[in-house]
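These notes concern the structure reproduced below.
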Amino acid sequence: MKHIKLLYFIVPVLALINSTTAFGQSENKINQPELTPKVFAPGFISTGMYERDLAMTIDGNEIYYSLFQGDWNTIMMTKKVNGVWQEPVVAPFARDTMYFFAEPAFSIDGNKIFFLSTKPREGETRKPGWNNQNIWFASRNADGTWGEAMPLPENINAKEEFYPSLTKDGTLYFCRTDAKTKVSQILRSKLVNGVYQDPIVLPAPINAKGTIFNACIAPDDSYLIGCVSERDSSNMKRVTYMLFFHNADDTWTEGIDLVKELNLPCPNAISVSTSLDGKILFFASTAKTIKFSDLQPNWALSSIAKRRILPGNGNSDIYWMKIEDGFKKLRK
5 MKHIKLLYFI VPVLALINST TAFGQSENKI NQPELTPKVF APGFISTGMY ERDLAMTIDG
65 NEIYYSLFQG DWNTIMMTKK VNGVWQEPVV APFARDTMYF FAEPAFSIDG NKIFFLSTKP
125 REGETRKPGW NNQNIWFASR NADGTWGEAM PLPENINAKE EFYPSLTKDG TLYFCRTDAK
185 TKVSQILRSK LVNGVYQDPI VLPAPINAKG TIFNACIAPD DSYLIGCVSE RDSSNMKRVT
245 YMLFFHNADD TWTEGIDLVK ELNLPCPNAI SVSTSLDGKI LFFASTAKTI KFSDLQPNWA
305 LSSIAKRRIL PGNGNSDIYW MKIEDGFKKL RK
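Just so we're aligned: the sequence shown equals residues 5 to 336 in my numbering.
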């Protein structure tokens, strides 16, 4: 978890279209993603609170995402039942209010879900806040429910690990922060006969000047997108979404600033993911689209209160957009 101050096919994903909620809101529709970024499910998923880190199952019938509230941060989930989206609830593996949970990511078959948790592993001491960051996972039971969550082995959880992301073959990409320097890096661990191998630190230009965090890998391993800081000479404090293509020889191209190239409404990068077919991009943004000047002409308390429960108020919202041909048009 990095702090910033303050599906094989497209059809299952698009099964979200024209669905309605079941908790008193009138026809909260989730429209098709467009080539331009839009707020994802406004009023349903993006509510004006602080949402980020979206993951979706292959069949498009389950959505998991992070909800941050300061004193407790956790993972929410919603399911579509008989064509109707249910009210989001806290995921069953993320209900211990003594600890934080965030950053869900599915295996390609949807039978495992990986996530960050600050719950101490065996032998660890409970620490406050975002300490004890490790990557945990849960597996589905035969009835579709989640089994007991477990931490990944110590070769993965060696320091402060977070933000898991997986390819189709199970290769795990994740972030690790050095406890002394506070610099985070992206690592990769291949899955061999069901066992995660010792991870390697990805080479430059991914892990290079500045820091990179909260990165996602394309399901086909063709590119990686991360939140990158200190690489914009015009504004070294700026954090942007940067795209790196994966070459056949296991090297990586220089980063491409997606915020600039795609005109993303994003003051600073927070978190990013793709659909399981790699055709839809999800990203978090604190872009303010509702201004206090909009309170005119009455300046009423009710207007101020309403602003707090609408996306675009400056808290993190989840956006989505289509990915054209794996970003190949951006490859130089």
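All C-beta atoms in this analysis are idealised placements derived from N, C-alpha and C, irrespective of residue type, glycine included.
**Asked** With burial defined as no fewer than 16 other Cβ atoms inside 10 Å of the residue's Cβ, what is the status of residue 39: buried or exposed?
**Response** exposed
**Prompt:** Using the C-alpha atoms, what's the distance from residue 130 back to residue 36?
**Reply:** 43 Å
**Contact under 9 Å by Cβ, residue 121 with residue 140** = yes
**Message:** Would residue 225 and residue 330 qualify as a contact pair, given that the criterion is a beta-carbon distance under 9 Å?
**Reply:** no
**Asked** Just how far apart, CA to CA, sit residue 241 and residue 233?
**Response** 6 Å
**Prompt:** Near residue 151, which residues of its chain fall below 8 Å by C-beta distance, leaving aside the five closest residues on each side in sequence?
**Reply:** Hits under 8 Å: 142, 143, 144, 145.
**Prompt:** Secondary structure at residue 263, three-state DSSP: helix, strand or coil?
**Reply:** helix
**Asked** Name the DSSP bridge partner or partners of residue 296?
**Response** In the DSSP assignment, residue 296 is bridged to no other residue.
**Request:** For my contact list, residue 221 and residue 177 are in at a C-beta cut-off of 8 Å; report their separation, rounded to the angstrom.
**Result:** 4 Å
**Request:** Would you tell me roughly how many angstroms separate the C-alpha atoms of residue 302 and residue 308, rounded to the nearest one?
**Result:** 11 Å
**Asked** At which residues does the alpha helix (DSSP H) containing residue 309 begin and terminate?
**Response** 305-311
**Message:** Check whether the region 81-92 and the region 149-164 touch, using three or more Cβ-Cβ pairs below 8 Å as the test.
**Reply:** No contact exists between the region 81-92 and the region 149-164.
**Message:** Taking its Cβ as the centre, do 16 or more other Cβ atoms sit within 10 Å of residue 57, making it buried, or is it exposed?
**Reply:** buried
**Message:** Quick check on this structure: which residue in 68, 49, 164 has the alpha carbon closest to the alpha carbon of residue 125?
**Reply:** The closest CA to that of residue 125, considering only 68, 49, 164, is found on 164.
**Request:** Take residue 285 as the anchor and find which of 247, 172, 294 has the nearest alpha-carbon.
**Result:** The shortest Cα separation from residue 285 among 247, 172, 294 belongs to 247.
**Beta-carbon contacts of residue 293 that lie in its chain and below 7 Å, excluding the five residues immediately before and after** = Taken in chain order, the residues that qualify are 316.
**Sheet register partners of residue 192 (DSSP bridge)** = Answer is 177, 204.
**Prompt:** Quick one: what's residue 93 bridged to in DSSP?
**Reply:** 81
**Exposed unless 16 or more other CB atoms sit within 10 angstroms - verdict on residue 305** = exposed
**Request:** Could you please give me the residues that DSSP links to residue 322 through a beta bridge?
**Result:** The partner list for residue 322 (beta bridge, DSSP) reads 288.
**Request:** Have a look at 155, 103, 193 and flag the residue whose alpha-carbon is nearest the alpha-carbon of residue 171.
**Result:** 193
**Request:** To the nearest angstrom, report how far apart residue 174 and residue 112 are at their CA atoms.
**Result:** One C-alpha to the other measures close to 8 Å.
**Message:** Assuming residue 191 and residue 205 are in contact, meaning their beta carbons sit under 8 Å apart, how far apart are those beta carbons, in whole angstroms?
**Reply:** Contact check for residue 191 and residue 205: beta-carbon distance about 5 Å, within the 8 Å limit, so the pair qualifies.
**Asked** At which residues does the beta strand (DSSP E) containing residue 244 begin and terminate?
**Response** 243-249
**Prompt:** Taking just the CA atoms, how far does residue 127 sit from residue 326?
**Reply:** 44 Å
**Request:** Please say whether residue 67 and residue 119 have beta carbons closer to each other than 9 Å?
**Result:** no
**Message:** One question on the structure: do residue 319 and residue 55 come within less than 9 Å of each other, judged by their Cβ atoms?
**Reply:** yes
**Message:** Can you list, in chain order, the residues of its chain with a C-beta nearer than 8 Å to that of residue 245? Leave out the 5 residues immediately preceding and following it.
**Reply:** Within the same chain, Cβ atoms closer than 8 Å to the Cβ of residue 245 are found at 229, 230, 231, 232, 261, 262, 263, 268, 270, 273, 276, 287, the five residues on either side in sequence being excluded.
**Request:** Look up residue 71 in the DSSP assignment and give the residues it is bridged to.
**Result:** 55, 78
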